[in-house]
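Structure record follows, encoded as structure tokens.
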Amino acid sequence: FCAASYYMFEEISYQRRNGIFKTRKGAGFIKGSACHGFNHITRRELNACPWNDYVLAGIHVDGHHELLRALNCNGPTLIFDEKEEPLAKAFMRYQDIKGAAGVIKKMGNGLLLALGVHPELSPIHHKLPADFMDFEMDRWTILSLIKEKIMQHRQPQNLAGQPAQLKMAHYG
Numbered sequence: 519f520c521a522a523s524y525y526m527f528e529e530i531s532y533q534r535r536n537g538i539f540k541t542r543k544g545a546g547f548i549k550g551s552a553c554h555g556f557n558h559i560t561r562r563e564l565n566a567c568p569w570n571d572y573v574l575a576g577i578h579v580d581g582h583h584e585l586l587r588a589l590n591c592n593g594p595t596l597i598f599d600e601k602e603e604p605l606a607k608a609f610m611r612y613q614d615i616k617g618a619a620g621v622i623k624k625m626g627n628g629l630l631l632a633l634g635v636h637p638e639l640s641p642i643h644h645k646l647p648a649d650f651m652d653f654e655m656d657r658w659t660i661l662s663l664i665k666e667k668i669m670q671h672r673q674p675q676n677l678a679g680q681p682a683q684l685k686m687a688h689y690g
């Protein structure tokens, strides 16, 4: 998720192993920047343990009233101007850093989904800190909320031309 999300944006800024930030051009599907969000640095040594790169990011998701936690492994914070990108919407925001953790953008008949976190990865793993496993249900809730965003895009219009209301079950 997060690597593709970096490239969806017009500008990419990330921190290299030596601590130096590098900026480059992305594909430009979304006008804005995908920036290295957290202050931890990816493995300084090639053989260092990759499990040390994971943090639990606090995120707020539209349509959900509680703070949720998701794994982040050097994922970006997504920064864009909604006036410049009227078809894009931030629907997930980080608690502790500026910028979006999730952006959705209508493109033709499709939908572009950019995420800085990894809800596809379970925090239950013997190489991750034991307290990470307490947030497995958050992962399922986030996946359910993402599915709801996709389903809202695909839902038919009612007779008045308004989107039909769709209700989804949430975990937790």
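All you need for my numbering is the position in the sequence shown, starting with 1, plus 518. We put the beta carbon where it would ideally sit given N, CA and C, even for glycine.
Give me the Cβ distance between residue i and residue j, rounded to the nearest whole Å; I'm assuming they're in contact under 8 Å.
{"i": "Asp571", "j": "Asn592", "result": "6 Å"}
{"i": "Ser531", "j": "Phe539", "result": "6 Å"}
If you draw a straight line from the alpha carbon of residue i to that of residue j, how long is it in whole angstroms?
{"i": "Val579", "j": "Phe609", "result": "6 Å"}
{"i": "Leu661", "j": "Ala606", "result": "19 Å"}
{"i": "Glu600", "j": "Gln670", "result": "20 Å"}
{"i": "Glu529", "j": "Thr541", "result": "7 Å"}
{"i": "Gly537", "j": "Gln673", "result": "45 Å"}
{"i": "Asp652", "j": "Gln533", "result": "29 Å"}
{"i": "Thr659", "j": "Pro647", "result": "21 Å"}
{"i": "Glu638", "j": "Leu574", "result": "14 Å"}
{"i": "Leu585", "j": "Arg657", "result": "12 Å"}
{"i": "Ile622", "j": "Phe547", "result": "11 Å"}
{"i": "Ile642", "j": "Trp569", "result": "12 Å"}
{"i": "Ala566", "j": "Tyr612", "result": "27 Å"}
{"i": "Lys543", "j": "His583", "result": "36 Å"}
{"i": "Ala545", "j": "Met655", "result": "34 Å"}
Taking C-alpha atoms, which residue in the options lies nearest to residue i?
{"i": "Arg587", "options": "Leu605, Ser531 and Gly634", "result": "Gly634"}
{"i": "Met625", "options": "Ser551, Glu603, Glu666 and Thr595", "result": "Glu603"}
{"i": "Gly581", "options": "Gln673, Arg672 and Glu666", "result": "Glu666"}
{"i": "Ile597", "options": "Cys553, Gln533 and Val573", "result": "Cys553"}
{"i": "Phe650", "options": "Asn590, Tyr612 and Asn627", "result": "Asn590"}
Does residue i come out as helix, strand or coil in the three-state DSSP assignment?
{"i": "Glu529", "result": "strand"}
{"i": "Lys665", "result": "helix"}
{"i": "Tyr689", "result": "The predicted position of Tyr689 is uncertain, since its pLDDT is 47 and thus under 50; no value can be drawn from it."}
{"i": "Cys553", "result": "strand"}
{"i": "Ile615", "result": "coil"}
{"i": "Phe609", "result": "strand"}
{"i": "Phe547", "result": "coil"}
{"i": "Ala538", "result": "Reading off the sequence, residue 538 comes out as Ile, not Ala. Coil at Ile538, not helix or strand."}
{"i": "Asn627", "result": "coil"}
{"i": "Met622", "result": "According to the sequence shown, residue 622 is Ile rather than Met. Of the three classes helix, strand and coil, the one that applies to Ile622 here is strand, per DSSP."}
{"i": "Ile660", "result": "helix"}
{"i": "Ala566", "result": "coil"}
{"i": "His671", "result": "helix"}
Are the Cβ atoms of residue i and residue j separated by less than 8 Å?
{"i": "His644", "j": "Cys520", "result": "no"}
{"i": "Gly617", "j": "Gly576", "result": "no"}
{"i": "Ser640", "j": "Pro594", "result": "no"}
{"i": "Ile668", "j": "Leu629", "result": "yes"}
{"i": "Met526", "j": "Ala632", "result": "yes"}
Any beta-carbon of chain E closer than 8 Å to the one on residue i?
{"i": "Lys624", "result": "Absence of chain E from the displayed structure is noted, only one protein chain being present."}
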